[in-house]
Amino acid sequence: MPPPSITDRFLTLPATGIRLRVREWRPADPEKGEMLILHGLGDHTARHDWAASLLTDAGFRAVGFDWPGNGESDGIRGDMPTVAESGRLLEEILAALELRPTGIFAHSTGAFLALHWLGERGRALDCLRWIWLSSPLLVPSHGQPGWKISLARFLATRFPRLTLSTGVKPSRCYHTGFDPPLDASLKKDGSHHRVSLRFAINLLAAENGLHEAVSRIPGEPAFLVTQGSEDEVCPPEYAEALFARLPGPEKCLVLVSGARHEPFREKDHRAVSNAVRSWLGTR
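If you're matching positions, the sequence shown starts at 2 in this note's numbering and goes up one per residue.
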């Protein structure tokens, strides 16, 4: 199958007022519809060419953008839009690109923001048929001691855009060392490990409302959840708890044995790729 054509462009929208990088992957025959790719914190859209390749092979046109403060979009590294701001930005993106997504791929923090947005505004997406959650962030407070959260809340009132390290390095995302050239290239791929205080505090504030937001997602779309069994960033027990509460009868959980936060970058990623390919073939 021929590779998809890839187009990058930049646009500025009222929700942020800054320049955003948009990437489009178009197959030779996009017969199955359009879909939206949402990356996570410290990430960027081009790092998910692997997912776009699976999607375009299945006949979908894919469109993604770099969140503010990430990738080639402008903004302070790690200062992403809040839950409410991200919802407004997503709606402006869809309107500006005239995009009616059949499906949504959302990785890590992108999944957290997408689920809140769909719970609030999902009825406006009458075209949406499925959602793919990749290593979703569900409990932002995981592993954070109470004193650290209290200190962050205090500092956020005075220095909201101050950024701190997330502590999420490549070795926590996938097993490194099996391919040194790949490790070297990924260190230069434009990812980062920063988060602003205002965004971190907003994630924590929205944590308790996530399951309620999920329960409000309308229309019973199909769900695919892909999750590494050794993910310390977004542990699998949270994904399993979410999976049990996802609305609708059509849902699939792919738990990748031995994989960390990015199963698709592991040495043997063929199993998860094949599972996703099979699932997409039924959409």
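Backbone N, C-alpha and C define an ideal beta-carbon position, used for all residues, glycine too. Quantities reported herein were computed from a predicted structural model and do not represent experimental measurements.
Quick one: give me the first and last residue of the beta strand (DSSP E) that residue i is part of.
i	result
Leu35	A quick correction: the sequence has Glu, not Leu, at residue 35. Glu35 -> beta strand (DSSP E) spans 34-39.
Trp133	131-135
Val255	252-257
Thr8	6-13
Going by Cα to Cα distance, which pick from the options is closest to residue i?
i	options	result
Glu86	Thr177, Gly18, Ile218	Gly18
Trp16	Asn203, Pro4, Ala96	Here the sequence assigns Ala to residue 16, which means Trp is not the residue at that position. Among Asn203, Pro4, Ala96, the Cα nearest to that of Ala16 is on Ala96.
Lys170	Ser142, Gly43, Phe61	Gly43
Trp280	Gly104, Ala240, Ser230	Gly104
Leu126	Pro237, Ala53, Glu221, Leu134	Glu221
Gly120	Ser136, Ser142, Val84	Val84
Arg62	Arg48, Arg124, Pro4, Ala112	Pro4
Leu37	Arg20, Gly70, Glu99, Ser274	Glu99
Leu129	Lys33, Gly282, Val23	Lys33
Asn209	Val140, Arg89, Ser109, Arg271	Val140
Gln145	Ala201, Leu225, Glu241	Ala201
Gly191	Glu25, Ser274, Ser230, His49	His49
His194	Gly178, Val234, Ser230	Val234
Ser216	Ser230, Phe179, Leu243, Ile7	Leu243
Ala29	Tyr175, Trp148, Ile7	Ile7
Thr177	Glu263, Thr110, Phe106	Glu263
Tyr1	Pro182, Arg284, Ala112, Tyr175	Residue 1 is absent from the structure shown; the chain starts at 2 and stops at 284.
Take the Cβ of residue i as the centre, count every other Cβ of all protein chains shown within 10 Å, and call the residue buried at 16 or more, exposed below.
i	result
Asp1	A question about residue 1 goes unanswered here, because the residues of the chain that appear run from 2 up to 284.
Phe11	exposed
Thr46	buried
Gly41	buried
Trp131	buried
Gly123	buried
Glu213	exposed
Phe224	buried
Asn275	exposed
Trp26	buried
Asp67	buried
Arg271	exposed
Is the beta carbon of residue i less than 8 angstroms from the beta carbon of residue j?
i	j	result
Val196	Gly65	no
Leu256	Gln228	yes
Arg278	Leu55	yes
Arg173	Arg266	no
Pro82	Leu21	no
Val226	Pro137	yes
Leu205	His108	no
Lys268	Phe179	yes
Ser230	Pro219	no
Gly282	Ala52	no
Over what stretch of residues does the alpha helix (DSSP H) that includes residue i continue unbroken?
i	result
Lys149	147-157
Arg199	198-207
Cys174	171-174
Ile19	Where Ile19 is concerned, there is no enclosing alpha helix (DSSP H), given that its DSSP letter is neither H nor E.
Pro237	237-246
Val215	211-216
Cβ-heavy atom distance between residue i and the ligand SAH below 7 angstroms?
i	result
Leu134	Among the ligands in the structure shown, none appear at all, so the ligand SAH cannot be discussed.
- Message: Under 8 angstroms, with one C-beta from each stretch per pair, do the segment 153-167 and the segment 237-252 reach the 3-pair mark?
- Response: no
Cβ pair count under 8 angstroms reaching 3, the segment 158-165 against the segment 252-268: no
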